[in-house]
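Enquirer: Dropping the structure in here first, questions after.
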Amino acid sequence: MRVKMGTVVPKMGTFVHLVEEPTDYRTAIAMALHEELDDTHRAIKTAMRWTGASERTVKYWFSGERGPSGDHLIALARHSDAVLYVVLALAGRHIVEEADD
Numbered sequence: 001m002r003v004k005m006g007t008v009v010p011k012m013g014t015f016v017h018l019v020e021e022p023t024d025y026r027t028a029i030a031m032a033l034h035e036e037l038d039d040t041h042r043a044i045k046t047a048m049r050w051t052g053a054s055e056r057t058v059k060y061w062f063s064g065e066r067g068p069s070g071d072h073l074i075a076l077a078r079h080s081d082a083v084l085y086v087v088l089a090l091a092g093r094h095i096v097e098e099a100d101d
């Protein structure tokens with residue numbers, strides 16, 4: 001087995017914000033799920049409870065390999081504001097809240 005040697009770039013430091021919003025449906029949903037639930041096993045279990053989907057299916061959503069469809073997407077949007085906003089943004093329908101005067 002070969003040992004990998006060299007400099008390791010630390011993961012901590014300055015957070016770089018994306019200049020553009022993702023236009024790919026699967027990537028956008030994955031980012032929304034990570035934003036809402038983090039990236040833990042508990043997050044996967046929570047999304048499973050929300051949708052009734054299998055663990056493998058939810059892991060695909062979190063990785064961005066596949067995106068939820070139909071009933072699962074509606075269930076995610078029902079429970080997650082981040083997913084709802086991403087779906088509306090991808091559809092070109094941005095929510096504008098009116099301020100009370």
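53 is the number that the numbering used here gives to position 53 of the sequence shown; each next residue is one higher, with no gaps.
Cβ atoms here follow ideal geometry from the backbone N, Cα and C, with glycine treated the same way.
Using the beta-carbon count (16 or more within 10 Å), is A91 buried or exposed?
Expert: exposed
Enquirer: According to DSSP, simplified to helix, strand and coil, what is S54?
Expert: coil
Enquirer: Under the rule that 16 or more other beta-carbon atoms within 10 Å means buried, what is T40, buried or exposed?
Expert: exposed
Enquirer: My assumption, with CB atoms under 8 Å, is that L84 sits in contact with T51. Please give the rounded CB distance.
Expert: No, L84 and T51 are not in contact; Cβ-Cβ is about 14 Å, not under 8 Å.
Enquirer: Along the alpha helix (DSSP H) that carries D71, what are the first and last residues, could you check?
Expert: Taken as a continuous stretch (DSSP letters only), the alpha helix (DSSP H) holding D71 covers 71-79.
Enquirer: Applying the 10 Å Cβ sphere with the 16-neighbour rule, what's the burial state of S80?
Expert: buried
Enquirer: Going by DSSP, what residue range makes up the alpha helix (DSSP H) through T27?
Expert: 25-37
Enquirer: Quick check on L37: buried or exposed, where buried means 16 or more other Cβ atoms within 10 Å of its Cβ?
Expert: buried
Enquirer: Mind reading off the beta-carbon distance from G64 to T27? Whole number of angstroms is fine, and I expect it under 8 Å.
Expert: 5 Å
Enquirer: What three-state label does DSSP hand T40 in the structure shown?
Expert: coil
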